[in-house]
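These protein sequence lines are chains A and B, in that order.
According to this note's numbering, the residues represented by the first sequence are 3 to 303, in order.
According to this note's numbering, the residues represented by the second sequence are 280 to 675, in order.
Contents: one structure, followed by commentary.
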Amino acid sequence: MGNMITAEFRKILTTRLWWALLIPAFIMALGVAWIWSAITTGISNDLVDEELIQQFDVPVDEISWSVIALVRGMNLASIFPMVFGALGLASELHRKTITTSFLTASSRPGLLAAKSITYALWGLIYGLIIAAGVSLGTLIGSDRNYLPDAKQWFLILLAGLFMCVLWTIFALGVGALIGSPVGTLVILLIYTLIVGPLGEIALFTTTGGSHAPGFMPNGSANGMTGSTASVLLFDQIQALILDRGGQVVDDDVREGFQQFISVVAGAHGAFSLWLSGLIFLAWTGIFYVTGMLRNQARDIT
Amino acid sequence: MHDGSGRIVVSNLTKSFGQVAAVQNLSFHVEPGSVTGFLGPNGAGKTTTLRMLLGLVRPTAGYSTINGQPFEKLGNPGRVVGAVLEAQGFHPSRSALNHLRVYAAAMGLPDQRAHEVVQLVGLGGAANRAAGGFSLGMKQRLALATALLGDPQVLVLDEPANGLDPEGIAWLRTFLRAFASSGRTVLISSHLLAEVEQTIDQVVIISRGQTMFYGMLDDLRKQQQSRVIVQPADPSALVAALQAEGITGIQPTPDGKVAVVDATIQQIGDIAAKAGLAIYGVQEEKADLEQLFFRLTSGQYAAPGAQMYGQPQGGYAMPYQQHQQQSGGFQYQQPIAQQPYQQQPHQPPVAQQPYQQTSPYQAPTPYQQPAPPSPYQPDPTANPTHNDTTGQGGNA
Chain A
3 MGNMITAEFR KILTTRLWWA LLIPAFIMAL GVAWIWSAIT TGISNDLVDE ELIQQFDVPV
63 DEISWSVIAL VRGMNLASIF PMVFGALGLA SELHRKTITT SFLTASSRPG LLAAKSITYA
123 LWGLIYGLII AAGVSLGTLI GSDRNYLPDA KQWFLILLAG LFMCVLWTIF ALGVGALIGS
183 PVGTLVILLI YTLIVGPLGE IALFTTTGGS HAPGFMPNGS ANGMTGSTAS VLLFDQIQAL
243 ILDRGGQVVD DDVREGFQQF ISVVAGAHGA FSLWLSGLIF LAWTGIFYVT GMLRNQARDI
303 T
Chain B
280 MHDGSGRIVV SNLTKSFGQV AAVQNLSFHV EPGSVTGFLG PNGAGKTTTL RMLLGLVRPT
340 AGYSTINGQP FEKLGNPGRV VGAVLEAQGF HPSRSALNHL RVYAAAMGLP DQRAHEVVQL
400 VGLGGAANRA AGGFSLGMKQ RLALATALLG DPQVLVLDEP ANGLDPEGIA WLRTFLRAFA
460 SSGRTVLISS HLLAEVEQTI DQVVIISRGQ TMFYGMLDDL RKQQQSRVIV QPADPSALVA
520 ALQAEGITGI QPTPDGKVAV VDATIQQIGD IAAKAGLAIY GVQEEKADLE QLFFRLTSGQ
580 YAAPGAQMYG QPQGGYAMPY QQHQQQSGGF QYQQPIAQQP YQQQPHQPPV AQQPYQQTSP
640 YQAPTPYQQP APPSPYQPDP TANPTHNDTT GQGGNA
């Protein structure tokens, strides 16, 4: 297995794709986080001056609004590890290098397992680079008082890392199932950039703000980071209110607020981090297992 | 684990892709120390058979083993069998050396081995160039280098001469002979017998997914039929004299000579002398191996007339001989030329030099032989072009 993982790493490192996707992933993570942190900073600064907000006695300028930038940046940049994973097996099938790969592997399941481990590790590498990008972008774009504390920051990045690994394996499975790099990329990009987000908004509004979008692959993936952010923000605001002698808000308000933040973070109707993670893990499992079974039996002609 | 014998066994292998039967009940085995040619026209099922042997395609029925084990149970298969299946399995931007390093790693070999094989196949100068810029011949060499990485005991090559220049083919030939003579096994497919004739010892010929011939190349050579071309002063008289002696395999040639298949030069000379007939020239013609190959593999995509060879008999049939026996005195009669590689039967007769007939089995159709219904006139139903009844004498 070690030999085959070494071979898979060599396959990746001897071509340009890994850095050709890693660089734009970093730039997009940085740029998106920068823009979103600038937006949240601007809006928050305006809100602080509003009399209406001042009446509520909520210290808007002490809340870590920039977590939204971290979430937005990670969610959008995660398309790069997804593309990377999508090409993992599909391009081998397309370029027919799969023939030699199978001929030199101890077994087909062995090769597919080695590839999966390798791509999971690369999903993690992409996740780390994206995490660095969103962190840097947020640092640049956000006012200091809106930055999350270390624990919040770390939790969101951790959810994002997990999401990047799952997207990579999810796409590896879809590519293995479809077998064509172009077909895989078109389907995945159209889904994650257009059909998924718009569909989730439509589903969210038509079902009266239900959790339905959180069951979708894209919705559950975004929900991992989005709900982490919303929970963190709510807890922070709750703590601030209590500090000032306020009361614990009831569950309806909590639910409503968290949904609102999820929408702002681009994760409509998301479940909690763990539920979202489990749902996306299940989706990943479905595509990964069917994709691998398809290649276990595939005639390489 | 495998037995280290270097033996390939293909047993009743069958593969259907939907309704299409690509390979039907194919059986043969390949012994170490020999080069076996796996021959058949394009689409005969060669590649599918090799891919089943290598575990890439799942057979519908039957099995195949290398060293006594199916491919998937070889453990580290790259160390047992090397395969050159297509010259396309390269990432275009990966260098030749990096390509080899990838698969060296997969087999647990040191990088040094990648350097060795790239030199071995003569690609040392291009080792750091991207494979996408390689010529077809260079890609074939790189594919061979990949196959040799694990220093395998068995080598399987699918049309390896494609894209190789004559020098490359000669090099490959020498290489494969040396490889086999070291006690290893080589199975090499081709759609051209001539291309591998000098390389192989044993031959498996398939057509339409079925075995047409399986045996030593020398045995195939022995099947080559020869005929004697006689230029007599009076063809009719000679034919009459030969038939009187019980020789029936007689056929006129377009240029007024007589072709005889079932008699030697000596016999014909004796008969002619006894009958007091003048003979101006005698020559023996042998059908070459390639023609025999056409015969065995003809009609793959042909009309019903091509069914003459019938079903293979346990994969060891000698259908050509059967056909010879069935067709009586017209052994050289080409039954409706469906052969994709067959010489055009209607080429102008001027192109046929009397002693340089490119296709001895070719029907003498182009020539409207101005011959009377002479005693040696062949059966008109078998050779309609000789129905000429102009009443003129022979041109002797």
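Glycine is no exception: its CB is placed at the ideal position from the N, C-alpha and C atoms.
Within 8 Å (strictly less), CB to CB, does residue i reach chain B?
i, result
"Asn224 (chain A)", "no"
"Ser232 (chain A)", "no"
"Ala9 (chain A)", "yes"
"Thr120 (chain A)", "no"
Excluding five sequence neighbours on each side, which residues of the same chain lie with their C-beta closer than 6 Å to the C-beta of residue i?
i, result
"Ala340 (chain B)", "Thr293"
"Val136 (chain A)", "Ala31, Ala35, Leu72, Gly75, Met76"
"Ala79 (chain A)", "Ala27, Met30, Ala31, Ile132"
"Gly488 (chain B)", "Ala300, Ala301, Val302, Gln303, Gly324"
"Val50 (chain A)", "Val62, Asp63"
"Ser144 (chain A)", "Ser39, Thr43, Ser68"
"Asp658 (chain B)", "Unreliable positioning characterises Asp658 (chain B) in this predicted model, as indicated by a pLDDT of 41, which lies under 50. The coordinate reading is nonetheless provided below. Excluding sequence neighbours, Asp658 (chain B) sits near nothing in its chain."
"Ala516 (chain B)", "Leu556"
"Ile180 (chain A)", "Thr186"
Determine, using beta carbons only, whether residue i comes closer than 8 Å to chain A.
i, result
"Glu351 (chain B)", "yes"
"Thr464 (chain B)", "no"
"Gly283 (chain B)", "no"
"Pro356 (chain B)", "yes"
"Gln621 (chain B)", "Here the model assigns Gln621 (chain B) a pLDDT of 35, short of 50, so the residue's position is not dependable and the matter cannot be decided."
"Val336 (chain B)", "yes"
"Leu292 (chain B)", "no"
"Ala677 (chain B)", "The requested residue 677 (chain B) is not part of the displayed model; chain B covers only 280 to 675."
"Glu524 (chain B)", "no"
Listing by chain order, which chain A residues have their CB less than 9 Å from the CB of residue i?
i, result
"Pro389 (chain B)", "Under the 9 Å cutoff, chain A gives no residues; its nearest Cβ is about 11 Å from Pro389 (chain B)."
"Thr728 (chain B)", "For residue 728 (chain B) there is no data in the structure shown, the boundaries of chain B being 280 and 675."
"Arg487 (chain B)", "Under the 9 Å cutoff, chain A gives no residues; its nearest Cβ is about 18 Å from Arg487 (chain B)."
List, in chain order, every chain A residue whose beta-carbon is nearer than 8 Å to that of residue i.
i, result
"Met386 (chain B)", "Asn5, Thr106"
"Thr706 (chain B)", "As shown, chain B starts at 280 and ends at 675. That puts residue 706 (chain B) outside it, with no answer to give."
"Asn377 (chain B)", "Arg12, Thr16"
"Val381 (chain B)", "Ala9, Arg12, Lys13, Thr16"
Along chain B, in chain order, which residues have C-beta atoms closer than 8 Å to that of residue i?
i, result
"Thr99 (chain A)", "Gly368, Phe369, His370"
"Arg146 (chain A)", "Chain B residues near Arg146 (chain A): none, gap ~45 Å exceeds 8 Å."
"Ala272 (chain A)", "The contacting residues do not exist; Ala272 (chain A) stays about 39 Å from chain B at best."
"Ile243 (chain A)", "Ordered by position in chain B, no residue passes the 8 Å Cβ test against Ile243 (chain A), which lies about 58 Å from the chain."
With distances taken from CA atoms, which of the options is nearest residue i?
i, options, result
"Leu423 (chain B)", "B:Pro445, B:Gln367, B:Arg408, B:His470", "B:Gln367"
"Leu141 (chain A)", "A:Leu49, A:Val69, A:Val184", "A:Val69"
"Leu191 (chain A)", "A:Gln261, A:Ala88, A:Val34, A:Ile29", "A:Ala88"
"Gly283 (chain B)", "B:Gln489, B:Gly324, B:Glu395, B:Pro431", "B:Pro431"
"His270 (chain A)", "A:Leu277, A:Thr120, A:Phe262", "A:Phe262"
"Phe156 (chain A)", "A:Gly129, A:Ala9, A:Phe172, A:Thr209", "A:Gly129"
"Ala426 (chain B)", "A:Leu105, A:Asp145, A:Thr292, A:Ser274", "A:Leu105"
"Ala554 (chain B)", "B:Ala520, B:Thr576, B:Pro531", "B:Ala520"
"Leu113 (chain A)", "B:Val289, B:Gly297, B:Gly462, B:Glu351", "B:Glu351"
"Val381 (chain B)", "B:Gly403, B:Thr327, B:Gly401, B:Gly429", "B:Gly429"
"Asp513 (chain B)", "B:Gln522, B:Arg506, B:Gly494, B:Lys536", "B:Lys536"
"Arg452 (chain B)", "B:Val475, B:Phe492, B:Leu496", "B:Val475"
"Gln502 (chain B)", "B:Val518, B:Ala542, B:Ala538, B:Leu568", "B:Leu568"
"Gly319 (chain B)", "B:Ile448, B:Asp549, B:Glu438", "B:Glu438"
Would you decide whether residue i is buried or exposed? Buried here means 16 or more other CB atoms lie within 10 Å of its CB.
i, result
"Leu421 (chain B)", "buried"
"Thr186 (chain A)", "buried"
"Arg574 (chain B)", "buried"
"Val483 (chain B)", "buried"
"Arg246 (chain A)", "exposed"
"Ile281 (chain A)", "buried"
"Asn407 (chain B)", "exposed"
"Pro511 (chain B)", "buried"
"Met280 (chain B)", "exposed"
"Thr286 (chain A)", "buried"
"Ser278 (chain A)", "buried"
Give the residues of chain B in contact with residue i, contact being defined as C-beta atoms less than 7 Å apart.
i, result
"Thr17 (chain A)", "His370, Ser372, Arg373"
"Ser109 (chain A)", "Glu351"
Got a sec: does the ligand NAD put a non-hydrogen atom nearer than 7 Å to the Cβ of residue i?
i, result
"Phe236 (chain A)", "By its list of ligands, the structure shown contains no ligand whatsoever, and the ligand NAD lies outside what it can speak to."
Mind pulling the chain A residues with CB within less than 7 Å of residue i?
i, result
"Glu474 (chain B)", "Those within 7 Å of Glu474 (chain B) in chain A number zero; the least Cβ separation is about 23 Å."
"Leu402 (chain B)", "By Cβ distance, chain A contributes nothing, its closest Cβ being about 16 Å from Leu402 (chain B), past 7 Å."
"Glu563 (chain B)", "Within chain A, no residue comes near Glu563 (chain B); the closest Cβ sits about 46 Å away, beyond 7 Å."
Leaving out five residues before and five after residue i in sequence, what residues of the same chain have Cβ atoms less than 8 Å from its Cβ?
i, result
"Tyr193 (chain A)", "Pro219, Asn220"
"Ile158 (chain A)", "Val69, Leu72, Val73, Met76, Pro150, Thr227, Thr230, Ala231, Leu234"
"Ser374 (chain B)", "Ala406, Asn407, Arg408, Ala409, Ala410"
For residue i, which residues from the same chain have a beta carbon less than 7 Å from its beta carbon, with the 5 sequence-adjacent residues on both sides left out?
i, result
"Ile302 (chain A)", "Ile100, Thr101, Phe104"
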